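Trainee:
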Amino acid sequence: MALHATLTPEAKQALEKQRRNTAISSTLIAILAVVLAAVLLAIFFVANIEKENVQIVSYQGSPDAAQETTQKRKINRQVERTPSSPSSNMSRVIAANTVSNVAVPVPDQVSLEIAEDFGDGNDFGDGWGEGGGFGGGGGPTFFGQKVSGGNIVFVIDYSKSMSGRREELMRKELSKSVGELPPETNYQLIFFAGPAWVAGDEVIGSTSGSSKGCEVKHGTRKYDYVNSGGFNGWDFEDYDKIIKPEWIKVSDRNLKNSIKIINEQKLVLGTVWKIPLHMAIEGMDPKPETIIFMTDGSAGNDSVEVATEYAKRAKKNNITINAIALMEPKAYEGMKALAEGTGGTFALINEQGEKEELKDRDMRKSQKEKAKNKGKDKDKDKDKEETKDKEETKDKEETK
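Per UniProt numbering, the sequence shown starts with residue 1, numbered consecutively.
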């Protein structure tokens with residue numbers, strides 16, 4: 001017979017309490033073990049996460065400055081320990097490259113270690129433009145001739161003989177050339193016919209061949225021109241008191257105003273070279289470096305003498321004169337003397353606005369004359385045949 005101990009109610013209650021405590025303790029231990037494992041795993045994975053430091057750049061430069069590309073540096077993977085807090089709070093430093101309305105805080109930690117793949121790239125590549133001027137690409141030109149120098153004067157024929165296709169070509173090309181002048185350039189426009197005047201001046205009175213004189217209003221003063229007779233007889237009495245043009249500095253406003261005058265200035269009667277050349281060479285301070293001289297014809301029998309004289313004056317002052325004859329080879333000798341005497345260039349421009357050699361022009365003229373003569377010969381042959389037919393018909397009628 002086995003012996004069984006009988007538990008009292010108090011003993012049973014104590015046993016149940018012990019079991020419950022043991023179960024709770026086991027559960028808590030299991031939870032803590034899981035949490036500890038999770039913490040260890042988290043630390044392991046955090047150590048392998050690459051930290052991205054965002055670069056903050058504040059940049060303010062001039063509009064003309066080339067913008068540089070900021071390269072991003074790779075940061076070596078490493079665990080950075082958080083530094084202990086200082087005993088006193090430090091104020092953050094605000095830094096800016098230049099004066100700016102934007103303040104950018106400087107990051108607390110910056111790695112000074114440069115990765116091996118850091119280098120300098122060639123982002124801009126080839127293809128930057130050359131030359132100056134608003135048009136770019138090598139500077140302004142006038143009927144194919146390069147316009148260069150810091151002080152430039154355009155001496156342009158505004159006589160009545162320029163009307164039609166010549167006027168159209170001149171206004172268009174002159175507007176383009178002036179509009180292409182580069183910054184920091186000084187320029188001036190001198191127009192001439194019988195009298196000569198600065199662009200924007202007012203010509204008062206008749207300039208016909210029978211006129212005895214006229215006035216030019218320059219600023220608040222008036223200058224008297226006299227005419228000894230004909231369209232080439234205009235002159236100025238005292239060249240020491242002639243108009244002295246002032247330089248114009250290139251700016252958007254000045255260029256716009258000059259182009260407006262170029263297209264609105266009316267043509268005037270007469271053609272004289274001496275007065276405008278004197279104004280450009282002797283009347284300007286400082287002296288011009290380049291003079292662009294354009295006309296459509298000669299200025300009388302003394303054109304070559306005038307051109308030779310003022311070419312010498314220009315050369316003495318280191319002034320280069322480029323001469324353009326617009327659709328008119330009559331002024332060839334004088335224009336050539338003016339250009340070659342100063343080391344400049346001479347060009348003959350045809351009705352298409354293109355440079356043309358005199359040989360080519362003479363050849364075309366000869367071909368036109370041959371074609372014209374050939375047509376006349378055909379007409380003569382036709383007349384002869386008609387006359388012969390009439391005579392034969394008449395003979396037949398008389399025979400009958």
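Ideal Cβ placement from N, Cα and C applies to all residues, glycine included.
This one's a predicted model, so the numbers in the text were calculated from it and none came from an experiment.
With a threshold of 16 other CB atoms inside 10 Å of the CB of D296, please say whether the residue is buried or exposed.
Mentor: Classification of D296: buried, given that the 10 Å Cβ count is 16 or more.
Trainee: Tell me the start and end of each unbroken beta strand (DSSP E) in the region 24-50 that is at least 3 residues and wholly inside, in chain order.
Mentor: Listed in chain order, there is nothing to give.
Trainee: Should L267 and K160 be called a contact, given that it needs their Cβ atoms to be closer than 8 Å?
Mentor: Yes, Cβ-Cβ distance for L267 and K160 is below 8 Å.
Trainee: So which of G343, D252, G230 and A347 has the shortest CA-CA distance to P329?
Mentor: Of the listed residues, the one whose Cα sits closest to P329 is A347.
Trainee: Using 8 Å as the threshold, is the region 179-195 in touch with the region 147-159, meaning 3 or more CB pairs across them?
Mentor: Verdict: yes, contact present.
Trainee: Look at I324 and M294 and say whether their C-beta atoms are less than 8 Å apart.
Mentor: Cβ distance < 8 Å, so I324 and M294 count as in contact.
Trainee: In whole angstroms, give me the CA-to-CA distance for K260 and A339.
Mentor: Rounded to whole angstroms, K260 to A339 spans 29 Å at the Cα level.
Trainee: Taking the runs of the beta strand (DSSP E) that are 3 residues or longer, which of them lie wholly in the region 294-352?
Mentor: 320-326 and 346-349, all fully within the region 294-352.
Trainee: Taking only runs of the alpha helix (DSSP H) that begin and end inside the region 157-213, which ones reach a length of at least 4 residues, in chain order?
Mentor: Whole alpha helix (DSSP H) segments, 4+ residues: 165-179.
Trainee: Starting from D252 and walking both ways along the alpha helix (DSSP H), at which residues does that stretch end?
Mentor: Start and end: D252 to E264.
Trainee: Where do the ends of the alpha helix (DSSP H) carrying K274 lie?
Mentor: Segment K274 to E282, the alpha helix (DSSP H) holding K274.
Trainee: Below 8 Å on the Cβ atoms is my contact criterion, and I expect G270 with F236 to pass it. Report the Cβ-Cβ distance as a whole number of Å.
Mentor: Contact doesn't hold; Cβ gap of about 13 Å is too wide.
Trainee: Which same chain residues, not among the five before or five after E333, have their C-beta less than 7 Å away from its C-beta?
Mentor: Same-chain partners within the cutoff: V304.
Trainee: Please confirm whether Q265 and A199 have their CB atoms less than 8 Å apart.
Mentor: It is a contact, given that the beta carbons lie within the stated cut-off.
Trainee: Does DSSP put D285 in a helix, in a strand, or in coil?
Mentor: Note: D285 maps to coil in three-state DSSP.
Trainee: Taking DSSP as the reference, what is the three-state secondary structure of T271?
Mentor: Here T271 sits in coil by DSSP.
Trainee: May I ask you to list the residues that DSSP assigns as paired with T290?
Mentor: According to DSSP, T290 bridges with I152 and T320.
Trainee: Which one or two residues does DSSP pair with V226 in a beta bridge?
Mentor: Per DSSP, G213 and D235.
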